[in-house]
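Beneath this line is the structure, given in structure tokens, with notes to follow.
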Amino acid sequence: MIKDDSGLLIGPNTPASLILAETAHLNDSFNHDKNDKGEKEEPIKLMVNQIANTVTVQSAYKNSQKDIFNFTNNGIYAAQKGIYKNVVQIDTHSQLPTFVYYLGLMDKKHEQLFMRKKEIENIPNYKTNPKLIGERESIKVELNIYCSNNNLGKGKYVNRLLGVYSGMNFIFEALNYWGLSNVLNCVNDGYILQIKDNKTFNKQYQTFEQKWQSEFPLLSYSKKHWKYAIINGTQDYILINDACDYKCRSNQLSVKAFYHQATGKSLDKMSQNDINNDALKYAQEKERTSIMTLYNSLFSDQEPSLYGSSYEKIKDLEETNKILNKAGVISANFLPVKLHYYLFTLDLENSDQNNDNINRYTRMILDGHLFMSTEVLKSRINLLEQVIKVKEVNPDDYANANHVIFVNNFIPSIVDEIKKGQSIENWIKYEIEKIEKSDEDKLYQYNVLGMVAQFYVSENKGNPNNILKLINKWKEKKHLNRLDMGEIIANDPRTLVIDGQLMVKNNKGVYTAKAAEVNHLLKEHYSPQQKQHFNSEKSNTLALLEDKKYQDELENGFKSDYQSILLDDNGDIKVDSPFKHKISHHINVNYNPLIVNHPAYEQLNSYLNCLTPTQVEQLKTMLGLIPLQGTDIMKEIRTFFILKGVSGAGKSTLAQLLKGIFDEDDQTESSIISSSQNVNKAFTDEHYIDLNDSKKGKIMLWFDDFQSNSKSNIITANAGTVINGVLTGVTQTGAAKYEKEHDVKLPNLIVIATNSMPQITQEGTAARMFVIDCPNVLTNKSIKDKDGNPVSIADFVKNPKVKEALFYLIMSEASKIMKMSSKQRAKLFDRTRSAATSLSRLSDSFTTFLEKNEITSPYDFIGMQAIKLFEVYKQQSNSYNVSYRSFTDQLEMLGLILKRKNFVGKTYQKVICANSTQLTSAKMRIMRDDFNAYPDCVEKWDSVKKGIVGELKAWHHGFNELKGKYNRNKDTSIFKPFDFSERG
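Under our numbering, the residues of the sequence shown are numbered 105 to 1088, in order.
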């Protein structure tokens, strides 16, 4: 640094505008304390906030970063709001006195004091000597007062500013050394840096010390590494290594802030004797607790003690959200954007493009260049049918390995894809908007776009000159603003794009695709003119977001106000901070393993046993499927549930409890109850399908109080087909009002609560039904506590601990299911455990077929070849769209088995058999001997006898005789007659 004519020390990086401002403020006419009348007024500011465009060759990151620095009469102030990892704080010791000393502005007395302070600091272990510490502190205070005085005794009114400005210019040199874009915070003589790694930084720091101490030997520094930084403002930040090692300079969470809150007094203005020690201890404890909460909520990888054995203390921490908000975390959707550096290479071997000119041009654009983006990019085929390999690299490592590279803050048009069916004109529109949004090398980007578009048009037998004119026309008009709205919305930190659908973070911190939340966010971004045509603008924006580059991911779990509750791949339940995970479901309770010791847990089990005395384990397992929505396990199970029971059995009570867990008080569309209680509409009407979208918070589809009249209790074939698909995760089509159709994932868990069995017309749907019987009326004496005393239904439902117990049960059952093998899961809802009767498990058309043909029991089918029976069934029922597989599924639900059989020297495939081989063989022999009917003789026309062989009603033959011999063990159900009155 050099001293200029005004007496200021300036460096090679000191901005010319800053030098002019500093020189002007050294003039006596800039009175910083009083006006012409001698009245004190607000000081004159040095200059407006400066935006430093830090373009350098070394780092592409800096090329994209514009940093704001506030140069003041007290020093530099700067802050980049955010939450950061791996930072270092560097402080310059006694900066103002040091530069006042080097400028020669001190008198002899204070020069001696300054040198004595340096002498003390150089004494080994001086910090262990209370006398030296006291002496040093006393000198430091006197020097600071002296150097802050506008008149240092030499007649120059603004000499103080010479030291301030020189120190500020030095700090700016230091910031440039570290890279302005790496500066997270700067307050006068100290600053916080984001670093790559400790090893690299320590080498740089050693060079930094050597450089400046060679120029200013009495200048000293200190540094400390921190794992995390929460920057909320220039003098409002928190640095954390762990819950005990931290530095809190928060305006609202520091000891000073809590002391002022408790006493109304400022610690800065009080002497040691005036401090209230009780209030100070309170403030220190509050600060410590706040930092512990921040650390546990944001940074701790271990399960916080808050959620473990000391769970009950959670009630003492209801200020958690307030603490995070005061620290700047809740509003800190300003997490730093990660920049990716990409190397694009042309894969000629796998490309369909054989034009040498095009391939040569592509290599020229890509070779030796890195391109940076905030997006995650994958290898792709560009519009010129070239395979572009994409590799993410570390820019520093790549620069070290390659002598000549160029780093570009844009993605060139030549690597972009063109969608199937997309016109070149629409592709160009998007590219123009991308270029216009960029601040870098627009002319170069337009040149690339022009060449690429001309290549494409030429390859497709078009006119290259016309396409170039089109680009120039659109470039000049700039009327395509709506096309970049997709990028604006996608980059909003409150949004995710899942499967091409926009989801917005709501006030509970979970993501939803509900129209109200989406519309509110879009209106924040739209201009008044766009709002006038909101529906069409929304359609345009949502269409843009279907681009694959915007795809995000959601985590599978639940979020309460205090917890994120997730299941890992091993089925273990993990509890974490509610601020770390992207989740779409909010709950009103917490996960609390200790609830098993609470009376509410006993009451819950009493209720469930009353609801279904013989199938309580199946009911609990069904509830355990709630957290497993959208997983492969649901595809394995492929089951929907019927809660069938008398009126007042308590089925709706279970729905109320679930709503208490998953629904908000002011929620209009339940997360549990289906948007339509008409099963057929819910699965076939696009409007109701849209409302039941799992991305809009739907966790399951509960149909409460399914009606038993003959018209509405029929589940149609169309609805049945959709149900079959939903159970296996097939995407459906939904559409909200005034909006286009889009893909919808419905919840896999379907529960129909009813007083009577629905009639099912779709083959195969009935095969996936599991019936849970609810035979008893729930009364105020049904639910018992652990002492056997009755608990009223109203008190039971209102008790929040009951809901907490139910959620614990749900998560525990889900964990059990995940830890099972596929074979074990296959047995969970084995049809033999279902309360469905033999006929209620069958489709309506199949039971009609049985009744019409006087087939009275499963025995009647034994000995028939399944394919021959299927042909007769199709012909009689006109069910030509039914599958053979779903037909055989229904036979198996009756307890029958399909086997290959050798009979009288001939092999028959899939013969309907009993469990007992002896019974099957006896039935086949008696049909042969008495009717000359073989397995393939099912309603078979005999052209010789001119009659039917093996009429369906004839296959009941031998029932009484064989029942007497074989009605035992597994074959008992084979002889049980059908009761057609149980249908419907």
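In this text, a Cβ means the ideal position worked out from N, Cα and C, and glycines have one as well.
Straight through space, the alpha carbons of Asn694 and Ser681 are spaced by roughly 12 Å. Secondary-structure assignment with DSSP links Glu389 through no beta bridge to anything. Residue environment: Phe514 is assigned as buried (16 or more neighbouring CB atoms within 10 Å of its CB, all protein chains considered). Between Leu217 and Ile237, the gap from beta carbon to beta carbon reaches 7 Å or more. Bounds of the beta strand (DSSP E) holding Asn336 are Tyr325 to Gly337.
Here the alpha carbon of Asp501 sits roughly 41 Å from the alpha carbon of Arg392. Nearest neighbour of Gln863 by Cα position, chosen from Thr952, Leu910, Met804 and Val895, turns out to be Thr952. An exposed status is given to Asp899, since fewer than 16 other beta-carbon atoms sit within 10 Å of its beta-carbon. Contact fails between the region 993-1011 and the region 1050-1061, because fewer than three Cβ pairs, one in each stretch, are under 8 Å apart. Per the coordinates, the alpha-carbon of Ile469 lies some 52 Å from the alpha-carbon of Leu200. Phe950 places its beta carbon 7 Å or farther from that of Leu1000.
Straight across, the Cα-Cα distance linking Ala361 with Asp382 is about 15 Å. The criterion of a C-beta distance shorter than 7 Å is not satisfied by Leu910 and Ala753.
Counting C-beta atoms within 10 angstroms of its own C-beta, His637 has fewer than 16 neighbours from the protein chains shown and is therefore classed as exposed.
Leu124 counts as exposed, since fewer than 16 other C-beta atoms from the protein chains shown sit within 10 angstroms of its C-beta.
In the DSSP secondary-structure assignment, Glu496 is bridged to Tyr446. Here the C-alpha atom of Leu954 lies approximately 18 Å from the C-alpha atom of Thr869. Taking 7 Å as the cut-off, the beta carbon of Asp1040 is found closer than this to the beta carbon of Gln969. Nearest C-alpha to Phe173 among Leu450, His1060 and Phe276: Phe276.
From the listed residues Ala930, Arg872, Leu1023 and Asp877, the smallest Cα separation to Asp993 is found for Arg872. Secondary structure of Gly368 (DSSP, three-state): coil. Distance from the CA of Pro894 to the CA of Phe745, rounded to the nearest whole angstrom, comes to 29 Å.
In this structure, DSSP gives Lys1057 a helical state, which the three-state scheme calls helix. Excluding its 5 nearest sequence neighbours in each direction, Trp1045 has C-beta neighbours in its own chain below 7 Å: Ile1052, listed in chain order. The straight-line gap separating the alpha-carbon atoms of Asp346 and Gly115 is approximately 38 Å.
Taking each of Ser961, Ala786 and Lys635 in turn and checking the Cα distance to Phe1082, the smallest one comes out for Ser961. The count of Cβ pairs closer than 8 Å, one atom from the region 181-191 and one from the region 280-293, reaches three, so the stretches are in contact.
Within the region 242-312, complete alpha helix (DSSP H) segments of at least 4 residues are found at 263-282, given in chain order.
Taking the C-beta atoms as reference points, Ile699 is found nearer than 7 Å to Tyr912. Shown here, Ser1047 sits in coil according to DSSP, grouped into three states, outside any helix or strand. By the criterion of a C-beta distance shorter than 6 Å, Ser324 is surrounded in its chain by His197, once the five residues flanking it on both sides are discounted. About 5 Å separates the beta carbon of Phe1079 from that of Asn1071, a gap short enough to meet the 8 Å contact definition. For Asp767 against Ser775, the beta-carbon gap comes to about 6 Å, under 8 Å, which counts as contact.
The beta carbons of Asp656 and Val608 sit no closer together than 7 Å. Judged by DSSP in its simplified three-state form, Phe1063 adopts helix. Taken through DSSP and simplified to helix, strand or coil, Ala753 comes out as coil.
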